[in-house]
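Undergrad: Encoded as structure tokens, here's the structure I'll be asking about.
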DNA sequence: GCAGAATGTGAGGGTGTCCTCATCTTTGTC
DNA sequence: GACAAAGATGAGGACACCCTCACATTCTGC
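Chains as they are written, first to last, in the working numbering: chain A, 4 to 205; chain B, 4 to 205.
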């Protein structure tokens, strides 16, 4: 970012620009989106956009980063709440997790739109992978709580595939009709549960 | 397509253009790819590219269509071979299916590259969905053979999520280190098997 | 209420790509 | 081998978008 806003007016403008970028990129895709269009939607001038971001791609990346941060913080909040509760079953945790991320996708339709089917830099892909990795690592810790004797390597790959599957299927589900999506999410829970029951004790 | 080639020379040129497009789009993405660059890689002139395709996006779509056809025909060939063999277990069929599609991804790296993280038209997304749907429908028939009493609606959603999961996780696996990918594929089989065993008889 | 810092503006320069078309080359047929 | 049809070529027109920068406006501390 070129300039970090200090005044309130500027902070709001930056927020408006990011929101506008979110909308435009979601609607028409990275290429078709023009910086002029984004400025217009943000009710500001093209010059202001370039006050904050050195170029179009930096604007897009900032937007993606914002989504990644939101996703990760959602997961952290969820875990905090869970560990505080008096040890529920792991299947309950899985269900809650899936529900929470499903809500995330539904509430923030731009997330899928900007993340999939856009030109994403290798750097950004790595950032996305890192978030999934971080989530998987935390998930592995939860698994360790329920099954301390399962070897670490086994836990690692299991956590990884569970996180990736949930992530991938939710991405698919967003595109379906609401009814079909609901059923997909239900079956996703079922699948993850039956897989994990081969590893974790009931 | 603007012109369908009748002479052999022309057919080969068209093939070269599609192959070049495959490479360039894979390497740099849809936007960054230029039609001039594609023509050069195909060892032909820009004019020839536009003899066959009305514009850049039509070229890209033709490329995607070629991949979809290849994927679907792979599945059909696989099923033909399977039904001819004397009724193996369903878990064997699942494993073979996953292996075959994994090879497809590995052998045709361009498939993932052009399909994910590119600007794909809604029309093309629908085409991709249609292929997955078609595969799911055939998978459902196979399930019907092993579990005739499971209600149709249940079979449908199960087939759908299995196909989507396999498709999604293989897309993820391609990006991993070979070792990690191998483990992911192995766990994918495990997951699908344990899910299906809640539906199909052993 | 004033100086100066911070912020905002938008017309236009520069760049690069898509695609056309007039012209040339190859292929097939009699 | 001559003629027509099919195929191939690539310089350049047209267009659209990114980004700059000189100037205007707003804010802040004194």
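Every residue, glycine too, gets a C-beta built ideally from N, C-alpha and C.
Is there a C-beta anywhere in chain B that falls below 7 Å from the one on residue 179 (chain A)?
TA: In the first chain, counting from the first residue as 1, residue 179 (chain A) sits at position 176. Not an interface residue.
Undergrad: Measuring straight from C-alpha to C-alpha, what distance separates residue 11 (chain A) and residue 43 (chain A)?
TA: The sequence position of residue 11 (chain A) within the first chain is 8, counting from 1. The sequence position of residue 43 (chain A) within the first chain is 40, counting from 1. Straight-line Cα distance between these residues: approximately 20 Å.
Undergrad: Within 7 Å of any Cβ in chain A, is that where the Cβ of residue 70 (chain B) sits?
TA: In the second chain, counting from the first residue as 1, residue 70 (chain B) sits at position 67. Not one chain A Cβ lies under 7 Å of residue 70 (chain B).
Undergrad: Taking 7 Å as the CB-CB limit, is residue 133 (chain B) close to chain A?
TA: On the second chain, residue 133 (chain B) is found 130 positions in, with the first residue counted as 1. So no, residue 133 (chain B) is outside the interface.
Undergrad: With a threshold of 7 Å between beta carbons, is residue 175 (chain A) in contact with chain B?
TA: As a working note, residue 175 (chain A) is residue 172 in the first chain. By this cut-off, residue 175 (chain A) is an interface position.
Undergrad: Give me the Cα-Cα distance between residue 41 (chain B) and residue 118 (chain B), rounded to the nearest whole angstrom.
TA: On the second chain, position 38 is the one that residue 41 (chain B) refers to. On the second chain, position 115 is the one that residue 118 (chain B) refers to. Using only the alpha carbons, I get a separation of about 18 Å.
Undergrad: Under three-state DSSP, which class holds residue 161 (chain A)?
TA: By 1-based counting over the first chain, the position of residue 161 (chain A) is 158. The answer is helix: DSSP assigns residue 161 (chain A) an H, G or I state.
Undergrad: Return no unless some Cβ of chain A is closer than 7 Å to the Cβ of residue 186 (chain B).
TA: Along the second chain, one-based indexing puts residue 186 (chain B) at 183. Yes, contact with chain A.
Undergrad: Could you give the residue range of the alpha helix (DSSP H) that holds residue 53 (chain A)?
TA: Position 50 of the first chain, counting from 1, holds the residue named residue 53 (chain A). First-last of the alpha helix (DSSP H) with residue 53 (chain A): 49–55.
Undergrad: Residue 142 (chain B) CB to nearest chain A CB: under 7 Å?
TA: For this step, residue 142 (chain B) is matched to residue 139 along the second chain. It does not: the Cβ of residue 142 (chain B) has no partner Cβ on chain A nearer than 7 Å.
Undergrad: Can you find a C-beta in chain B that's less than 7 Å from the C-beta of residue 171 (chain A)?
TA: Residue numbering aside, residue 171 (chain A) sits at position 168 when the first chain is read from its first letter. For residue 171 (chain A), the answer is yes, since a Cβ of chain B falls inside 7 Å of its Cβ.
Undergrad: Nearest by alpha-carbon distance to residue 72 (chain A): which of A:144, A:149, A:131 and A:16 is it?
TA: Position 69 of the first chain, counting from 1, holds the residue named residue 72 (chain A). For the residues A:144, A:149, A:131 and A:16, the minimum Cα distance to residue 72 (chain A) belongs to A:131.
Undergrad: How long is the line joining the alpha carbons of residue 180 (chain B) and residue 112 (chain B), rounded to whole angstroms?
TA: One-based indexing of the second chain puts residue 180 (chain B) at position 177. One-based indexing of the second chain puts residue 112 (chain B) at position 109. Spanning the two alpha carbons is a distance of roughly 14 Å.
Undergrad: Quick one: give me the first and last residue of the alpha helix (DSSP H) that residue 4 (chain B) is part of.
TA: Sequence index remark: in the second chain, residue 4 (chain B) carries index 1 (1-based). That residue, residue 4 (chain B), is in no alpha helix (DSSP H); it is neither H nor E in DSSP.
Undergrad: Using only the alpha-carbon positions, how far apart do residue 162 (chain B) and residue 140 (chain B) sit?
TA: Along the second chain, one-based indexing puts residue 162 (chain B) at 159. Along the second chain, one-based indexing puts residue 140 (chain B) at 137. Approximately 7 Å between the Cα atoms of the pair.
Undergrad: Taking CB distances under 7 Å as the criterion, tell me whether residue 41 (chain A) reaches chain B.
TA: Residue numbering aside, residue 41 (chain A) sits at position 38 when the first chain is read from its first letter. Judged by the 7 Å Cβ criterion, residue 41 (chain A) is not in contact with chain B.
Undergrad: Anything in the stretch 4–38 of chain B with a Cβ closer than 9 Å to a Cβ of chain A? List those residues in chain order, please.
TA: So the list reads 32, 33, 34 and 35, given in the order they occur along the chain.
Undergrad: Could you tell me the distance, in whole angstroms, from the CA atom of residue 79 (chain A) to the CA atom of residue 165 (chain B)?
TA: Within the first chain, the letter at position 76 stands for residue 79 (chain A). Within the second chain, the letter at position 162 stands for residue 165 (chain B). Computed Cα separation, rounded: 29 Å.
Undergrad: Under the assumption that residue 204 (chain A) contacts residue 150 (chain A) (Cβ atoms under 8 Å), give the Cβ distance between them as a whole number of angstroms.
TA: Taking the first residue of the first chain as position 1, residue 204 (chain A) is located at position 201. Taking the first residue of the first chain as position 1, residue 150 (chain A) is located at position 147. Going by Cβ atoms, the distance from residue 204 (chain A) to residue 150 (chain A) rounds to 6 Å, so yes, they are a contact pair.
Undergrad: When you compare only the Cα positions, how much space is there between residue 175 (chain A) and residue 174 (chain B)?
TA: As a first step, residue 175 (chain A) must be located in the first chain, where it is residue number 172. As a first step, residue 174 (chain B) must be located in the second chain, where it is residue number 171. If I take the Cα positions, the gap works out to 13 Å.
Undergrad: Between which two residues does the alpha helix (DSSP H) harbouring residue 179 (chain A) extend?
TA: Along the first chain, read from residue 1 onward, the residue named residue 179 (chain A) stands at position 176. Note, residue 179 (chain A): premise wrong, no alpha helix (DSSP H); not H, not E.
Undergrad: So, using beta-carbon positions, are residue 51 (chain A) and residue 116 (chain A) closer together than 7 Å?
TA: Numbered from its first residue, the first chain carries residue 51 (chain A) at position 48. Numbered from its first residue, the first chain carries residue 116 (chain A) at position 113. Taking 7 Å as the Cβ cut-off, residue 51 (chain A) and residue 116 (chain A) do not qualify as a contacting pair.
Undergrad: Check residue 191 (chain A) in the structure and name its three-state DSSP category.
TA: As a first step, residue 191 (chain A) must be located in the first chain, where it is residue number 188. Helix.
Undergrad: Taking the alpha-carbon positions, what's the residue 2 (chain A) to residue 121 (chain B) distance?
TA: No answer is possible for residue 2 (chain A): it lies beyond the span of chain A, which begins at 4 and ends at 205.
Undergrad: If you follow the alpha helix (DSSP H) that residue 127 (chain B) is in, where does it begin and where does it stop?
TA: The count along the second chain starts at 1 and reaches residue 127 (chain B) at position 124. Residues 125–149.
Undergrad: Verify the CB distance criterion: does residue 194 (chain B) have a CB-CB separation below 7 Å to chain A?
TA: The sequence position of residue 194 (chain B) within the second chain is 191, counting from 1. Yes, because at least one Cβ of chain A sits closer than 7 Å to the Cβ of residue 194 (chain B).
Undergrad: Within its chain, find whatever has a CB closer than 6 Å to the CB of residue 14 (chain B); leave out the 5 residues flanking it on each side and keep chain order.
TA: What you label residue 14 (chain B) is simply residue 11 of the second chain in a count that begins at 1. Closer than 6 Å at the Cβ level, and outside the excluded window around residue 14 (chain B), lie 8.
Undergrad: Taking the alpha-carbon of residue 65 (chain B) as reference, which of B:25, B:99 and B:104 has the nearest alpha-carbon?
TA: Within the second chain, residue 65 (chain B) is the residue found at index 62, counting from 1. The option with the nearest alpha carbon to residue 65 (chain B) is B:25.
Undergrad: Ends of the alpha helix (DSSP H) at residue 21 (chain A)?
TA: Numbered from its first residue, the first chain carries residue 21 (chain A) at position 18. Element bounds for residue 21 (chain A): 11–31.
Undergrad: Give me the Cα-Cα distance between residue 107 (chain A) and residue 37 (chain A), rounded to the nearest whole angstrom.
TA: To locate residue 107 (chain A), count along the first chain from 1; it is residue 104. To locate residue 37 (chain A), count along the first chain from 1; it is residue 34. C-alpha separation (whole angstroms): 27 Å.
Undergrad: From the DSSP output, in three-state form, read off residue 71 (chain B) for me.
TA: Counting from 1 along the second chain, the entry for residue 71 (chain B) is found at position 68. Note: residue 71 (chain B) maps to helix in three-state DSSP.
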